[in-house]
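In full-length UniProt numbering, the protein residues as written are 1 to 240. Cβ coordinates follow ideal geometry from the N, Cα and C atoms, glycine included. Note that this is a predicted model, so its numbers are computed, not measured. Comments concern the structure below.
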Amino acid sequence: MAKVILFDLDGTLLPMDTESFIQTYIKELAPRVAHIVEPQQFVPSLWAGTEAMIKNLDPMKTNEQVFEETFLKAANVNKEDIWPTLDHFYETVFPTFSHLTKPTQTAKKVVEEVVSQGYRVGIATNPVFPKVAIHHRLNWAGVADMPFEMVTVYEESTFTKPHTHYYESICNRLEVTPEECIMIGNDIQEDMVVSELGMKTFLVEGHVIDRGAPKYTFDESGTLEDLYERIVQRQGIFAK
């Protein structure tokens, strides 16, 4: 029987077009650091740092450390010269991107319901953003005050999606087996990969991301509203 329910954030608890969001994020960030690094160098460096995090399987390095090493070298800049500007961006500009999302009260209802049924809960969002940016998105989704036992952020995580190592590390931190968890997400490759570990899955429809391959099975699917009803009625993978 499942003990823990893990939620993806973007496109799951927080309805949004992830690709459009990222495009706006880059468009707004690059000019704000142009006095330090030219956009034509900054943007490729940012992507290089992100790719390094996604590829990294060294458990001794956090995603933050991996990003810094790759990004700073590619951008040919010192951390103390650019980090204050990046921190200011995340604190003051990033919050204005909320208009790119479509929050729904159903998200909070879903989390409240599973908590009321005794499930432990966690946010399993891809930890390629700093804590401040992820917590802004939790606020937009209306779930920042929920009793999540963990929220994966790049300062504290050592792997990323779609690696199964990422999900195994979550299970280790929560001291549960994959079979004792349910993963709820909208990404076929990044979220449904947990089926390889024996974790139950629910694919949230509306903003599904499917790159075509690899293909992973999922146990159930439906809208957030469908998810809420199944949890309330304790059906399928949510049966007690």
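With a threshold of 6 Å on Cβ separation, who are the neighbours of residue i within its own chain once the five nearest residues in sequence on each side are excluded?
i, result
"phenylalanine 218", "Met192, Thr201, Leu203"
"isoleucine 54", "Thr160"
"glutamine 65", "none"
Determine whether the beta carbon atoms of residue i and residue j lie at a separation below 9 Å.
i, j, result
"glycine 11", "aspartate 226", "no"
"serine 98", "histidine 136", "yes"
"leucine 224", "valine 110", "yes"
"alanine 30", "glycine 49", "no"
"methionine 60", "histidine 207", "no"
"leucine 72", "asparagine 63", "no"
"leucine 100", "serine 20", "yes"
"methionine 146", "valine 115", "yes"
"threonine 70", "glutamate 51", "yes"
"asparagine 76", "glutamine 41", "yes"
"histidine 165", "leucine 86", "no"
Spatial neighbours of residue i within its chain, please: C-beta separation below 7 Å, excluding the five flanking residues on both sides.
i, result
"tyrosine 90", "Pro130, Val132, Ala133"
"leucine 13", "Phe7, Ala107, Ala141, Val143"
"valine 194", "Tyr167, Pro178, Met183, Thr201"
Name the DSSP beta bridge partners of residue i, please?
i, result
"isoleucine 5", "Val121, Ile182"
"aspartate 17", "Aspartate 17 is not bridged to any residue."
"aspartate 10", "Leu14"
Given residue i, which residues of its chain have a CB within under 8 Å of its CB, disregarding the five upstream and five downstream residues?
i, result
"lysine 240", "Met1, Gln117, Arg234"
"glutamate 168", "Pro178, Leu197"
"alanine 34", "Phe42"
"tyrosine 228", "Thr106, Lys109, Val110, Glu113"
Less than 8 Å between the CB atoms is what I'm expecting for residue i and residue j, so what's the real figure, rounded?
i, j, result
"threonine 152", "isoleucine 170", "7 Å"
"valine 143", "lysine 3", "The pair is not a contact, with the Cβ atoms about 20 Å apart (cut-off 8 Å)."
"tyrosine 154", "phenylalanine 67", "7 Å"
"valine 93", "glutamate 190", "Valine 93 to glutamate 190, Cβ: 26 Å. No contact."
"isoleucine 82", "isoleucine 36", "5 Å"
"glycine 122", "leucine 46", "In fact, because the Cβ distance is near 27 Å, the residues do not count as touching under 8 Å."
Checklist entry - Which ranges does the alpha helix (DSSP H) cover as unbroken runs of at least 4 residues, wholly within the segment 67 to 152, from first to last along the chain? => result 79 to 88, 105 to 116, 131 to 141
Next on the checklist: Please give me, in chain order, every unbroken run of the beta strand (DSSP E) with length at least 3 that falls completely inside the segment 164 to 234.
Outcome noted: 181 to 185, 200 to 204, 220 to 222
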